[in-house]
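Residue numbers (mature numbering (1 follows the signal peptide of the UniProt record, and there is no 0)): -21 to -1, 1 to 272. To start, the structure under review is shown below, and the notes come after it.
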Amino acid sequence: MATVLVLVQLLLGVIVNVVNAESVANIVSRSFFDSILNAPTLANCSCAIGLCCSKWGYCGNTASYCGDGCQSGSCYNQSGGSSTGRHGGAGAIISSSFFDGLAGGAASSCEGKGFYTYKAFVAASSAYSVFGTTGSSDDQKRELAAFFANVMHETGGLCYINEVNPGSIYCDSSSNTWPCASGKSYHGRGPLQLSWNYNYGAAGEDIGFDGLNHPEEVALDAIISFRTGVWFWMKNSNCHSAITSGQGFGATIKAINSMECNGGNTAAVNSRINYYTKFCSELGVDPGTKLSC
């Protein structure tokens, strides 16, 4: 704050030397000074994981930081702008119109309405360069169709952020590496319903948030939420390698919820498959074989 005050004083000195004091107020508004006094900490583009460096050199995770002019980090538009609603990485295949078509089906009463956004997805997916970019164009489309098929099933069509009526707090007390925090629940949250303390801990370490002490961040920050989904897909299961190596969509179902396989929950498996074949059709790619598990 001392540095900010010095800057304000210097600015005032320059203005006073140029114009008379009476006209200062006509040039510099109160909101201008408020924006200086309330500015975030200068970061010189060395932001923590999950944050963006704005065009002014400050760290944050909202549109002011990750939007236009974003210099580094999880910028919304990694390709530097596009009039087509497409971005780099996974966003080169998944357009904003495709995503909005998914999110638009959620009822206004859904907690996920307005939370799951295209910008948050693009920002989150950019942290994993091979997500949706591995193999041929058809491989890439199948992976993204598979990812969103599972997301749509897990969230009831991007309606839910939190697991509906969780049966427990999902605390595995035998985990010494990721011990549960008192009073915290590790129930399913986010696009792929991240669950259990050991997953929250590992995801938090990789992404850059305190998953054990603040698991609720997955339900409060859309970018973190989507990043947990992509993290699980890429690092905590064999979903990415399964779909890109030709094991078929069924392998992703088994990786996410093996209890549904082999007749465990045929309706759930069919729900995922229906989403997958629909999205493959929309993206213009054959779904391949081995769809079930």
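Even for Gly, the Cβ is constructed at its ideal location relative to N, Cα and C.
Residue i - DSSP class collapsed to helix/strand/coil
i: L137; result: coil
i: G39; result: strand
i: C159; result: coil
i: A198; result: helix
i: S51; result: strand
i: F211; result: helix
i: C218; result: helix
i: A86; result: coil
i: S271; result: coil
i: G183; result: helix
i: G227; result: coil
i: S237; result: helix
i: G68; result: helix
i: G115; result: According to the sequence shown, residue 115 is Ser rather than Gly. Here S115 sits in coil by DSSP.
i: N129; result: helix
i: S204; result: helix
i: L191; result: coil
Residues sharing a beta bridge with residue i, DSSP
i: L173; result: R168
i: C32; result: C38, S51
Limits of the alpha helix (DSSP H) - the one that residue i falls within
i: Y149; result: No alpha helix (DSSP H) contains Y149, which DSSP labels as neither H nor E.
i: D79; result: 75 to 82
i: S250; result: 245 to 262
i: I101; result: Residue identity differs from the one stated: residue 101 is Val in this sequence, not Ile. Taken as a continuous stretch (DSSP letters only), the alpha helix (DSSP H) holding V101 covers 97 to 104.
i: K92; result: Unbroken run through K92: none, as it is neither H nor E.
CB contact flag (residue i, residue j, <9 Å)
i: V197; j: G187; result: no
i: W212; j: F94; result: no
i: K257; j: A85; result: no
i: G68; j: Q50; result: no
i: H219; j: T113; result: yes
i: A106; j: R206; result: yes
i: C259; j: I232; result: no
i: L123; j: G91; result: no
i: D215; j: A246; result: Before going on, a small fix: residue 215 reads as Asn here, not Asp. Taking 9 Å as the Cβ cut-off, N215 and A246 do not qualify as a contacting pair.
i: S25; j: C32; result: yes
i: S250; j: H132; result: yes
i: P158; j: Y179; result: no
i: S104; j: F110; result: yes
i: I235; j: L171; result: yes
i: P145; j: S164; result: yes
i: A102; j: I202; result: yes
i: S87; j: I140; result: no
Segment contact flag, the stretch 215 to 229 with the stretch 249 to 267, C-beta cutoff 8 Å, min 3 pairs: With a cut-off of 8 Å on Cβ pairs, the stretch 215 to 229 is in contact with the stretch 249 to 267, counting three or more such pairs.
Inter-stretch contact at 8 Å, needing at least 3 Cβ pairs: the stretch 140 to 160 / the stretch 171 to 182: Yes: at least three Cβ pairs fall under 8 Å.
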